[in-house]
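A.B. asks:
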């Protein structure tokens, strides 16, 4: 009952925040609201027991991406451009996609079901072997850090490269701006 | 589900935090100046930390407190980052002027 | 050197209390990481003039101060709550200057943070010898109360070697 | 001994309950107050009173163990960062030139 209650309230707040984001024209408010949006979705992940995803969502969604979006706003305009197209076709596309996604979830096993495919094949194996192999209390850590260590290393390398790339782009931009100022 | 008094108390606290979060969201939505919005985002973050703590006790899994601690850290870092951005970047001042004019 | 060892032990205690795992390998890794962190901070201290590892506070005085601050917070919370809940919200806002007598940066930071932490007053700007404070319900007594707080913060400061 | 423990539990409940009320009051204040500067003060009710009471209540409820230590750590951390970020918001607003709302009685401005 408590789970249902928290999930419902959090989802209502999430939808309200999303509607507010859609309706806002001042982009700074949109950035603040999207930071709150990712905090809310992180809370939802916490209630769903996906603690590692919640960590990532809070760090990336509420932390880094807020700063990045603010940087983007500073380089462009702080207000949204009013679109001239009608929103009818996009609405249909979104509705159809949403319906398809919801239809897809109907076949999925219930939340936390013991006979779900994810619990049947490799899951028990990992659970059984982790205490002997790696000896850490959190199995997710063991999987990410050791069983799929190369995968994680690759991910980290990709993220690191992306960060370096963004930094290079930004610093190049600043230098160009300074040059322009000197010319003026 | 609610069998004992502690459960009831934590549930009440959870509901109170929900109410407070909605109120802060309203201010975030209305907030005339940019700083009102930063302020309410910050309060929302504090309430999130408290919320996770209370939820951990309600579900009798106090290991949620680790996440609460992490959220407190992230919240602080992002607030300071936002404000530093607006205070020290030359381009941020232009933005502030534009926002103030409205 | 003694200070570095204390810091490393403190960090390790923090690490252990957060994890609560007592296996040999994990403990060794934790101890190694805390020593490594202290080593990095020492190197950074050598590179800059600012000393990160030195904290000039008297522990006992600071403990007493915390209890005093908690009482102050309770009182000023009550004031702000009354204002929030009263129908016409009797707000008398004012910016005023509060002089401080602390010598170290840390002391000043503690004083400024305490001012902000007590509801009803917020430190807005730090100048050379005074803070700019914004008060919600200003009265003339506020100056005396803040001077009292200033005196108590100064008492918690240890010997400052600048 | 048993009565003492029960009493402690009751104190914990009272703390949690009043902490929740303080958080609501802080949020209500930040909604009701007329301008940015007064809203800052309402937010600091949540930051100080609400956090102290809720964490204290949870700490008493859990007894004395590692959980209490984590709560204490969260409390110390929020105590250091909460005022710092409030100050940062106030300072940024002050630098950008948002002045307090004019009162009926007194003019805003710096006063020695």
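Protein chains in written order, with the numbering used here: chain A, 2 to 185; chain B, 382 to 483; chain C, 9 to 170; chain D, 263 to 374.
Don't be surprised by glycine CBs; every beta carbon is placed ideally from N, CA and C.
What you are looking at is a predicted structure, and each value in this text was computed from that prediction instead of being measured.
What are the residues that DSSP puts in a beta bridge with residue 102 of chain C?
C.D. replies: C:143
A.B. asks: Do the stretch 267 to 283 of chain D and the stretch 113 to 131 of chain C make contact, defined as three or more Cβ pairs closer than 8 Å?
C.D. replies: no
A.B. asks: Would you mind reading off the limits of the alpha helix (DSSP H) that contains residue 58 of chain A?
C.D. replies: From DSSP, residue 58 of chain A is part of no alpha helix (DSSP H); its letter is neither H nor E.
A.B. asks: Could you tell me if residue 96 of chain A is buried or exposed, where buried requires 16 or more neighbouring beta carbons within 10 angstroms of its beta carbon?
C.D. replies: exposed
A.B. asks: Does DSSP put residue 130 of chain C in a helix, a strand or coil?
C.D. replies: strand
A.B. asks: Kindly provide the ranges of any alpha helix (DSSP H) runs that are 4 or more residues long and lie completely inside the stretch 279 to 318 of chain D, ordered along the chain.
C.D. replies: 298 to 307
A.B. asks: Using C-beta distances below 7 Å, list every residue in its chain close to residue 412 of chain B, excluding the 5 sequence neighbours before and after it, in chain order.
C.D. replies: 418 and 421
A.B. asks: With 16 other CB atoms within 10 Å as the buried threshold, where does residue 152 of chain C fall?
C.D. replies: exposed
A.B. asks: Just checking, does the stretch 134 to 146 of chain C make contact with the stretch 92 to 111 of chain C on the three C-beta pairs under 8 Å criterion?
C.D. replies: Yes: at least three Cβ pairs fall under 8 Å.
A.B. asks: Who are the Cβ neighbours of residue 356 of chain D in its own chain at under 6 Å, not counting the five residues just before and after it?
C.D. replies: none
A.B. asks: So is residue 404 of chain B in contact with chain A if we call contact Cβ pairs under 9 Å?
C.D. replies: no
A.B. asks: Could you list which residues in chain B have their beta carbon closer than 7 Å to that of residue 282 of chain D, in chain order?
C.D. replies: 393, 394, 397 and 398
A.B. asks: On the three-pair Cβ rule with 8 Å, is the stretch 88 to 99 of chain C touching the stretch 315 to 322 of chain D?
C.D. replies: no
A.B. asks: Whole angstroms is fine: what's the gap from residue 389 of chain B's alpha carbon to residue 93 of chain A's?
C.D. replies: 45 Å
A.B. asks: Out of A:31, A:45, A:52 and A:33, which has the shortest C-alpha to C-alpha gap to residue 15 of chain A?
C.D. replies: A:45
A.B. asks: Taking three-plus beta-carbon pairs below 8 Å as touching, is the stretch 285 to 292 of chain D in contact with the stretch 320 to 332 of chain D?
C.D. replies: No: the two stretches stay apart, fewer than three of their Cβ pairs being nearer than 8 Å.
A.B. asks: Take the Cβ of residue 304 of chain D as the centre, count every other Cβ of all protein chains shown within 10 Å, and call the residue buried at 16 or more, exposed below.
C.D. replies: Counting the other CB atoms within 10 Å of its CB gives residue 304 of chain D a total of 16 or more, which places it among the buried residues.
A.B. asks: By a C-beta neighbour count over all protein chains shown, 10 Å radius and 16 as the cutoff for buried, is residue 368 of chain D buried or exposed?
C.D. replies: Any reading at residue 368 of chain D needs caution, since the residue's pLDDT is 42, under 50, leaving its predicted position unreliable; the model's value is listed next. Exposed, since its Cβ has fewer than 16 Cβ neighbours within 10 Å.
A.B. asks: Using a cut-off of 7 Å between C-beta atoms, extract the partners of residue 344 of chain D located in chain B.
C.D. replies: 427
A.B. asks: Using a Cβ cut-off of 9 Å (strictly closer), state whether residue 353 of chain D contacts chain B.
C.D. replies: yes
A.B. asks: Using DSSP's beta-bridge definition, name the partner residues of residue 165 of chain C.
C.D. replies: The partner list for residue 165 of chain C (beta bridge, DSSP) reads C:65.
A.B. asks: Please report whether the beta-carbon of residue 273 of chain D lies at a distance below 9 Å from any beta-carbon of chain B.
C.D. replies: no
A.B. asks: Below 6 Å CB to CB, which residues in the same chain sit around residue 432 of chain B once its five sequence neighbours on both sides are set aside?
C.D. replies: 398
A.B. asks: Could you check whether the Cβ of residue 97 of chain C sits closer than 9 Å to any Cβ belonging to chain D?
C.D. replies: yes
A.B. asks: Okay, do the stretch 329 to 345 of chain D and the stretch 450 to 462 of chain B touch, 3+ Cβ pairs below 8 Å being the bar?
C.D. replies: yes
A.B. asks: Using 8 Å as the Cβ pair cut-off and three pairs as the minimum, do the stretch 14 to 32 of chain C and the stretch 41 to 49 of chain C touch?
C.D. replies: yes
A.B. asks: Should residue 105 of chain A go down as buried or exposed, given a rule of 16 or more other Cβ atoms within 10 Å for buried?
C.D. replies: Its Cβ having fewer than 16 others within 10 Å, residue 105 of chain A is exposed.
A.B. asks: So with Cβ pairs under 9 Å, would you call residue 326 of chain D a contact of chain B?
C.D. replies: no
A.B. asks: At what residues does the alpha helix (DSSP H) containing residue 411 of chain B begin and finish?
C.D. replies: 386 to 411
A.B. asks: Count the other CB atoms, across all protein chains shown, that sit within 10 Å of the CB of residue 79 of chain A; report buried if there are 16 or more and exposed otherwise.
C.D. replies: buried
A.B. asks: With a threshold of 9 Å between beta carbons, is residue 3 of chain A in contact with chain B?
C.D. replies: yes
A.B. asks: Would you tell me roughly how many angstroms separate the C-alpha atoms of residue 273 of chain D and residue 322 of chain D, rounded to the nearest one?
C.D. replies: 8 Å
A.B. asks: Could you give the distance in angstroms between the alpha-carbon of residue 474 of chain B and the alpha-carbon of residue 9 of chain A?
C.D. replies: Below a pLDDT of 50, predicted positions are generally treated as unreliable, and residue 474 of chain B, at 41, falls in that range; the measurement from the model is reported next regardless. In this model, residue 474 of chain B and residue 9 of chain A are separated by some 41 Å (Cα to Cα).
A.B. asks: Anyone know if the C-beta pair for residue 77 of chain C and residue 125 of chain C falls short of 9 Å?
C.D. replies: yes
A.B. asks: For residue 67 of chain A, which residues in chain B fall below 8 Å Cβ to Cβ?
C.D. replies: 459, 462 and 463
A.B. asks: Return the CA-CA distance between residue 402 of chain B and residue 103 of chain C, expressed in angstroms with no decimal places.
C.D. replies: Just so you know, the alpha carbons of residue 402 of chain B and residue 103 of chain C end up roughly 30 Å apart.
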